[in-house]
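Counting from 1 along the sequence shown, just add 1025 to a position and that's the residue number in our numbering. Encoded as structure tokens, the structure appears first; notes follow it.
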Amino acid sequence: MRIVIIGAVAAGTSAAAKARRNSEDSEIVIYEKDNFISYSGCGMPYYIGGEVESAGELTPRDPAFFKSKYNVDIHTLHEVVSIHPDEKKVSVRNLSTDEMFTDYYDRLVLATGARAVIPPIKGTDFEHVFTLRNINDMNQIKNFIDSHRPQSAAIVGTGFIGLEVCENLQKLGINVTMIEKLPQVTPGLDSDMAVYVEEHLKSKSVSVVTGSSVEEITEKAVILSDNTEVAADVVLLSTGVRPNSELAKSAGIELGVTGAIKVNSKMETSQKDIYACGDCIEQFHVVTGKPVYRPLGSTANKTGRIAGDSITGGRLEFRGVLGTGIFKIFDLTVAQTGLSEREATEQGYEVVVCHNIKPDKPEYMGGKEMVIKGIADKNSGRLLGVQIIGYAGVDKRIDVFATAITYKAQVEDLFHLDLAYAPPFSTTKDPVMYTGMILD
Ligand code: FAD
């Protein structure tokens, strides 16, 4: 069996590795149009800020590694330009030589990922304006900072990527302004939780502009919708990503309502023997069962593994996402899972919420306040979502909540969880348990 995979970052390489584990005899080929493969994109902001010292730490694997460990042939700088499902063929362009050739497959996996959205603003083509999606973007930003020593930066968009870069630029001594067109920062959070993030940014001398969009970028500034100018020697556009689903669409593969590729729980697309995984696919939400697009590395690796299993006759099936996410911004950790209050209300739930403010461990052990917002369905008592902002221990709490929501916990169940306690780690009644007590 000949397996062809398109894309060699998180999903494509996971699919290849799992396919090889299941099937010793298959030929596995990956085409990747970039020159970097299987890298840790999530670490890129920390290389820009200097915490990760060498770019090589984020790109530890090359095609030779995959050949020797998995007997997988990865062709970098090779773009698949079209798919011909009837003939089970793909047309490929070698980007080094511009030569075109055709390859055939028995199973095809699309792991084409996503790309950064470039908003329609005048001036995005200046050399000091960047997006951050891949290692080449990262290197360009780093080189620009090293050679131009910018004093000021504007970051357009206040999602987790923008905020992580904000922290790293500020640590380099660059004055950062975060610009958000919505009335709050971190659009994924409810506004009553986002205020904690905004206050923290300001306490770290980051300027924050909300409710205003960028109209134009000039050589030294960005101009906002109310005509104010924000100094910006460097600009990062972090206004979200869009799935790379055009190749699939032009091959007649069905897209979902979000514009990403529609797959079933085995990662099969609408075309026979063509699978898709990672940031190019639409997922479904564990709570609502409805389609969502939550492009995250955690899910890309998981769906890649499922695709690799499916194409080699395995039985793994995808069980959906809660959109569980976490990031650090200076001293704060911000995390969420499940539905926000806004989403739950839009879905028609009669929502009850609580704001549970407790230390993450006893104050005599240095415990600091953690804010947990719990969102539940009044009628069924089911926990729907949680958002947490705190200084320590946020990661373990959000994962407990994600597990509880996955297994359809009622709020009253939270109190009964047998959670670990010793003073260096928690309080006798863990904040997770308190959340259940308050919501119940
Ligand atoms: P991609 O990484 O987009 O890779 C797809 C590859 O396919 C690309 O290399 C592309 O060149 C190639 N390709 C596309 N079309 C073709 C074609 N026609 N022919 C050949 N090759 C093609 N996620 C988390 O869960 N936690 C985090 O903390 C986190 N932090 C992040 C921080 C940053 C700065 C960024 C940018 C992302 C972060 N993510 C995080 C998201 C995570 O990196 C992505 O979800 C993950 O990379 C998706 O993997 P993928 O393989 O599906 O897609």
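Ideal Cβ placement from N, Cα and C applies to all residues, glycine included. Keep in mind it's a predicted model, so treat the numbers as computed, not measured.
Looking at the DSSP output, Tyr-1300 shares a beta bridge with Val-1134, Glu-1293.
Secondary structure note for Thr-1235: its beta strand (DSSP E) is the uninterrupted segment 1232-1235. In the three-state scheme derived from DSSP, where H, G and I count as helix and E and B as strand, Gly-1415 is classed as strand.
Cβ-Cβ separation between Thr-1362 and Ile-1414: approximately 13 Å, too far for a contact (criterion under 8 Å). Relative to ligand 1, the beta carbon of Ala-1040 is positioned no closer than 6 Å to any heavy atom. Membership of His-1441 in the alpha helix (DSSP H) is indicated by the continuous run 1436-1441.
In this structure, the beta-carbon distance from Val-1259 to Ala-1178 falls below 7 Å. With contacts defined by Cβ atoms closer than 7 Å, Gly-1348 and Arg-1319 form a contacting pair. Rounded to whole angstroms, Val-1181 and Thr-1370 show a C-alpha spacing of 28 Å.
A residue is called buried when at least 16 other Cβ atoms come within 10 angstroms of its Cβ; Ala-1136 meets this threshold and is buried. DSSP links Glu-1254 through a beta bridge to Ile-1248. DSSP places Leu-1262 within a strand segment (E or B) once states are collapsed to three.
Within 6 Å of the C-beta of Leu-1197 there is not a single heavy atom belonging to ligand 1.
In the displayed model, Pro-1456 falls within a helix according to three-state DSSP. Taking the C-beta atoms as reference points, Glu-1437 is found no nearer than 7 Å to Asp-1402. The residues Pro-1384, Asp-1385, Gly-1415, Tyr-1416, Ala-1417, in chain order, have a CB closer than 8 Å to that of Lys-1393 in the same chain once the five nearest residues on each side in sequence are set aside. Rounded to whole angstroms, Lys-1167 and Ile-1073 show a C-alpha spacing of 6 Å. Close CB contacts of Gln-1176 within its chain, under the 6 Å cut and outside five residues either way in sequence, are with Asp-1258 (chain order).
The segment 1099-1116 makes contact with the segment 1273-1285, as at least three CB pairs between them are under 8 Å. With contacts defined as CB atoms closer than 7 Å, Thr-1211 and Val-1222 qualify as a contacting pair.
Here Leu-1083 is not near Ser-1063, since their CB atoms are 7 Å or more apart.
Judged by beta-carbon spacing, Val-1117 lies within the 7 Å limit of His-1103, meaning their Cβ atoms are closer than that value. Contact annotation: Asp-1098 and Arg-1027 have beta-carbon atoms that are not nearer than 7 Å. Across the structure, Arg-1267 and Ser-1290 are spaced so that their CA atoms are roughly 22 Å apart. Taking each of Asp-1298, Cys-1302, Gln-1308 in turn and checking the Cα distance to Thr-1283, the smallest one comes out for Gln-1308.
DSSP assignment within the segment 1327-1358 yields no whole alpha helix (DSSP H) run of 4 residues or more. With contacts defined as CB atoms closer than 7 Å, Ile-1397 and Thr-1452 fail to qualify as a contacting pair.
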